[in-house]
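Colleague: Chains as they are written, first to last, in my numbering: chain A, 69 to 179; chain B, 457 to 571. Cβ coordinates follow ideal geometry from the N, Cα and C atoms, glycine included. As the structure is a prediction and not an experimental result, all values here were calculated from the model. Before I ask anything, let me first share the structure, which is written out below as C-alpha cells.
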Amino acid sequence: GQNIDQPTEMTATEGAIVQINCTYQTSGFNGLFWYQQHAGEAPTFLSYNVLDGLEEKGRFSSFLSRSKGYSYLLLKELQMKDSASYLCAVRRAGGSYIPTFGRGTSLIVHP
Amino acid sequence: DGGITQSPKYLFRKEGQNVTLSCEQNLNHDAMYWYRQDPGQGLRLIYYSQIVNDFQKGDIAEGYSVSREKKESFPLTVTSAQKNPTAFYLCASTNVGTGGINEQFFGPGTRLTVL
Numbered sequence: 069g070q071n072i073d074q075p076t077e078m079t080a081t082e083g084a085i086v087q088i089n090c091t092y093q094t095s096g097f098n099g100l101f102w103y104q105q106h107a108g109e110a111p112t113f114l115s116y117n118v119l120d121g122l123e124e125k126g127r128f129s130s131f132l133s134r135s136k137g138y139s140y141l142l143l144k145e146l147q148m149k150d151s152a153s154y155l156c157a158v159r160r161a162g163g164s165y166i167p168t169f170g171r172g173t174s175l176i177v178h179p
Numbered sequence: 457d458g459g460i461t462q463s464p465k466y467l468f469r470k471e472g473q474n475v476t477l478s479c480e481q482n483l484n485h486d487a488m489y490w491y492r493q494d495p496g497q498g499l500r501l502i503y504y505s506q507i508v509n510d511f512q513k514g515d516i517a518e519g520y521s522v523s524r525e526k527k528e529s530f531p532l533t534v535t536s537a538q539k540n541p542t543a544f545y546l547c548a549s550t551n552v553g554t555g556g557i558n559e560q561f562f563g564p565g566t567r568l569t570v571l
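Below, the structure is given as C-alpha cells:
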C-alpha cells in the first residue's frame, strides 16, 4: 500500500518563497507528481520526479529523495494566483500507471 | 483543441436515483480514470480502464459502475447503492507505455449533489 503525507494548509506572503513538503511510504515507486488545483477546478500538472535531485521549471521547483521517501515543491516569487491546493501523487510500480494522491496542501497567499 | 470534457458541471439528483456522469477525451489516450474528491480527502480512485472493453476497480468502487465501449468515452454511473454520493467527480486520462512522463490530464469535474 501507499501512505502520503503533506501539510493541510500553509500561508505565505506575496513575493516570498514557500516550500511544501510531501513524505511517502510505498511498496513500489515509479515517480512522484505535483499538481496544482484551484478551487472547483481540475488539477493541472506541475512537475515530475523519478530520480533524486531537483527539477526546476520557472518559479516552481520540485525535489526528490527516494531513500528518505521525501519530496518538496518550492514556489518562488509568490503571486496571489498561486493560492490553490497542491497535490502530491506517487505512482505505483508496475505497469498500471496509477498515482496515489495525498490529501493536498491548501496554500493561501496574502498581500 | 485536445482535451477532456465532463458534463454537466453541476448535477442534482434525488436520493435513490441512478445518475450517469459523462467523460470524453480527444487526446487519443489509452487509459482513463475516475476519481472522487471530498473536502480534506484528496483524490480517491473509483475505476480505471487501460484499454477499450476492459476496466478495473479502484479503491472505492462500491456503488459505482463504468463502461469503456469506445476509446474516447468512459462514463461513470453512480447507483443508488452508493451511500454517500454527494462529491466532486474528476475524470482523467493518460498515455501508457510511450516512454514519457505519462502525467494525467483532468477534466473540469462534475459536482454531484444528492438531495
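1) Measuring from the CB of residue 131 (chain A), is there a heavy atom of the ligand PLP at a distance below 7 Å?
2) Listing by chain order, which chain A residues have their CB less than 7 Å from the CB of residue 483 (chain B)?
3) Would residue 181 (chain A) count as contacting chain B if we go by Cβ distances under 8 Å?
4) Between residue 561 (chain B) and residue 548 (chain B), how many whole angstroms is the CB-CB distance? I'm expecting something under 8 Å.
5) Quick one: using the 10 Å Cβ neighbour count with 16 as the cut-off for buried, is residue 510 (chain B) buried or exposed?
6) So is residue 155 (chain A) in contact with chain B if we call contact Cβ pairs under 8 Å?
7) Does the beta-carbon distance from residue 462 (chain B) to residue 566 (chain B) come in below 8 Å?
8) How would you label residue 540 (chain B), buried or exposed, when you count the other beta carbons within 10 angstroms and need 16 or more for buried?
9) In terms of alpha-carbon separation, which member of B:496, B:506, B:495 lies closest to residue 166 (chain A)?
10) Give a yes or no on whether 8 Å exceeds the smallest Cβ distance from residue 564 (chain B) to chain A.
11) Ordered along the chain, which non-local residues of its own chain (more than five positions away) have a Cβ less than 6 Å from that of residue 485 (chain B)?
12) Counting only beta-carbon atoms, is residue 517 (chain B) nearer than 8 Å to chain A?
13) Take residue 140 (chain A) as the anchor and find which of A:154, A:150, A:112 has the nearest alpha-carbon.
14) Just mark residue 468 (chain B) as buried or exposed, buried being the case when its beta carbon has 16 or more other beta carbons within 10 Å.
15) Using the beta-carbon of each residue, which ones in chain A are nearer than 8 Å to residue 550 (chain B)?
16) By Cβ distance below 8 Å, which residues in the same chain neighbour residue 105 (chain A) in space, the five residues on each side in sequence not counted?
Modeller: According to the data block:
1) With respect to the ligand PLP, the structure offers nothing, as it holds no ligand at all.
2) Within 7 Å Cβ-Cβ: nothing; residue 483 (chain B) doesn't reach chain A, min ~13 Å.
3) What the structure shows of chain A is the stretch from 69 to 179, and residue 181 (chain A) is not part of that stretch, so it cannot be assessed.
4) 6 Å
5) exposed
6) yes
7) yes
8) exposed
9) Residue B:506 is the option with its Cα nearest to residue 166 (chain A).
10) Against chain A, the CB of residue 564 (chain B) has a partner CB under 8 Å away; the residue lies at that interface.
11) 549, 550, 551
12) Answer no: the Cβ-Cβ gap between residue 517 (chain B) and chain A never drops below 8 Å.
13) A:154
14) exposed
15) 165
16) Counting only Cβ-Cβ distances below 8 Å, and skipping sequence neighbours, we find 111, 112, 152, 153, 154, 155, 172.
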